[in-house]
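Every number in the numbering used here is 133 more than the matching position in the sequence shown, counting from 1.
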Amino acid sequence: MRDTKYRVAIIGCGRMGQNYAEAYTTYPDTEITAIVDANAERRDVLGTRFGVAGLYRDVEALLADTVPDIAVVVTPTKYMKDVVIACAEAGVKGISTEKPIAARLEDADAMVEACSERGIVFAGGNLQRAMNEVQEAASRLHNGEFGHIRGASVHGFGGEISGGGCQHISVLRLFTNAEVEEVTAWGTPPEALDAETDEGLIINGRFQLSNGLECNVFGTPTSCRGVDVWTDECLVRWDWNPPEIFKGYNQQGNRIRIDPNYSRYPWSEYSYLTGSIRSFLGAVDGDGHPWITGADLRQALEVAIAAKLSASRNSVPVKLPLEDRALTLYPRPYRWLGGDATGKPQSPEEATGKN
């Protein structure tokens, strides 16, 4: 643990930003020194709530006054690129952002490259890939404890494949230690397939992975909602909770669930957001890497774009990486523009955190 505290700026302090602010006020090695939010009334309420004097209307005002150590970017997706690049150019040590990272693939590229060129730690956010049990299950898969991986499947890949769906892609890539190299997809309903956004889009298909595995993708309901990876004897199942481990078979031929005996993680206050933040801070300290990175979010967006592209072209196989980096997939308006702009504003009373 550091003797000195990282100075943290929360940039975009709506409902999700306030979750981050709650977390960062918990840790002894971080101090929130700035809140950036375009909503002046909410900004003042949050300054009082979190005891922060540095209140700014936008990132330009922040950086003209001070450069924080850590920039936590929780703006609507539309504004993430400009904020991330501005912070990178200003010399912030570590930047984290939320999902989806962008709508246009080249915008995600620009963020990743701006941080990489300057040696800045660029982390992702509130994804279950950063749950300590997910990380441990992946490590045990990689070290061969469960045997050689034979197959994988994704379940429930629909509704928002660039937002919620990036949870699936991020866990799949982690568990299999592989990249998606080709996507063949079928999409429904037709009106969702024709729309600019991914709202309501259900994808069924197949992912070809770089390690030779073929991963079946189910958007329509199955018995689970996450990612399955199996070996000759074991099944590792992530279903929006700590992964279940099944090993061997009973007399009826059904898999037997075993106790995974996960290690205790020293930080647990905010579920998988905790793993995201603590691994990010560790990486800024020079110890390891974030459990979810900006590059991970970029890869998830690319797979989502490829899936919709394949489905809209009568299921033609689409190879990754995509050559056309201008391809775009917009999230639903609330994610893209935020609640204030889409008729779902947060009241000052709610922002106090007392309700």
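Every residue, glycine too, gets a C-beta built ideally from N, C-alpha and C.
In this text, all values refer to a predicted model and were calculated from it rather than measured experimentally.
N-terminal and C-terminal residue of the alpha helix (DSSP H) that residue i is part of
{"i": "residue 218", "result": "210-223"}
{"i": "residue 299", "result": "298-309"}
{"i": "residue 166", "result": "Taken as a continuous stretch (DSSP letters only), residue 166 belongs to no alpha helix (DSSP H), being part of the beta strand (DSSP E) at 163-169."}
{"i": "residue 360", "result": "Counting along the chain, residue 360 falls outside any alpha helix (DSSP H), though it belongs to the beta strand (DSSP E) covering 360-363."}
{"i": "residue 174", "result": "173-183"}
{"i": "residue 265", "result": "265-275"}
{"i": "residue 476", "result": "Premise fails: residue 476 is in no alpha helix (DSSP H) and is neither H nor E."}
{"i": "residue 404", "result": "404-417"}
{"i": "residue 396", "result": "Per DSSP, residue 396 belongs to no alpha helix (DSSP H) and is neither H nor E."}
{"i": "residue 245", "result": "238-250"}
Residue i burial status per 10 Å Cβ neighbour count (16 or more: buried)
{"i": "residue 447", "result": "exposed"}
{"i": "residue 471", "result": "buried"}
{"i": "residue 389", "result": "exposed"}
{"i": "residue 383", "result": "exposed"}
{"i": "residue 259", "result": "buried"}
{"i": "residue 231", "result": "buried"}
{"i": "residue 311", "result": "buried"}
{"i": "residue 426", "result": "buried"}
{"i": "residue 374", "result": "exposed"}
{"i": "residue 265", "result": "buried"}
Element boundaries [beta strand (DSSP E), containing residue i]
{"i": "residue 432", "result": "Looking at the DSSP string, residue 432 is not in any beta strand (DSSP E); the run it does join, the alpha helix (DSSP H), is 427-445."}
{"i": "residue 255", "result": "254-256"}
{"i": "residue 140", "result": "139-144"}
{"i": "residue 229", "result": "227-229"}
Inter-residue spacing [alpha-carbon to alpha-carbon] between residue i and residue j
{"i": "residue 348", "j": "residue 415", "result": "33 Å"}
{"i": "residue 234", "j": "residue 439", "result": "16 Å"}
{"i": "residue 313", "j": "residue 178", "result": "44 Å"}
{"i": "residue 211", "j": "residue 236", "result": "8 Å"}
{"i": "residue 228", "j": "residue 386", "result": "49 Å"}
{"i": "residue 182", "j": "residue 290", "result": "38 Å"}
{"i": "residue 417", "j": "residue 321", "result": "42 Å"}
{"i": "residue 285", "j": "residue 208", "result": "34 Å"}
{"i": "residue 489", "j": "residue 396", "result": "Look at the range of the chain in this structure, 134 to 488, and you will see that residue 489 is not part of it."}
{"i": "residue 406", "j": "residue 216", "result": "21 Å"}
{"i": "residue 166", "j": "residue 485", "result": "18 Å"}
{"i": "residue 441", "j": "residue 318", "result": "7 Å"}
{"i": "residue 411", "j": "residue 261", "result": "14 Å"}
{"i": "residue 354", "j": "residue 275", "result": "29 Å"}
{"i": "residue 487", "j": "residue 141", "result": "23 Å"}
{"i": "residue 193", "j": "residue 305", "result": "37 Å"}
{"i": "residue 327", "j": "residue 445", "result": "8 Å"}
{"i": "residue 160", "j": "residue 148", "result": "20 Å"}
{"i": "residue 243", "j": "residue 213", "result": "11 Å"}
{"i": "residue 340", "j": "residue 360", "result": "13 Å"}
{"i": "residue 139", "j": "residue 164", "result": "6 Å"}
{"i": "residue 458", "j": "residue 224", "result": "27 Å"}
{"i": "residue 253", "j": "residue 381", "result": "45 Å"}
{"i": "residue 145", "j": "residue 362", "result": "36 Å"}
{"i": "residue 296", "j": "residue 241", "result": "14 Å"}
{"i": "residue 175", "j": "residue 246", "result": "33 Å"}
Cβ-Cβ separation, residue j to residue i (assumed contact under 8 Å), whole Å
{"i": "residue 433", "j": "residue 303", "result": "6 Å"}
{"i": "residue 437", "j": "residue 294", "result": "4 Å"}
{"i": "residue 226", "j": "residue 191", "result": "With a Cβ gap of about 21 Å, residue 226 and residue 191 do not count as contacting."}
{"i": "residue 288", "j": "residue 357", "result": "5 Å"}
{"i": "residue 333", "j": "residue 350", "result": "That pair is no contact at about 17 Å."}
{"i": "residue 453", "j": "residue 238", "result": "About 11 Å; that fails the 8 Å criterion."}
Counterpart residues of residue i in DSSP-defined beta bridges
{"i": "residue 379", "result": "368 and 390"}
{"i": "residue 282", "result": "Its beta-bridge partners do not exist; DSSP assigns none."}
{"i": "residue 288", "result": "351"}
{"i": "residue 341", "result": "315 and 347"}
{"i": "residue 156", "result": "Answer by DSSP bridge pairing: none, since residue 156 is not bridged."}
{"i": "residue 204", "result": "142 and 228"}
{"i": "residue 330", "result": "463"}
{"i": "residue 189", "result": "169"}
{"i": "residue 321", "result": "335"}
Proximity test, Cβ basis, 8 Å: residue i and chain C
{"i": "residue 158", "result": "Absent from the structure: chain C. Only one protein chain is present."}
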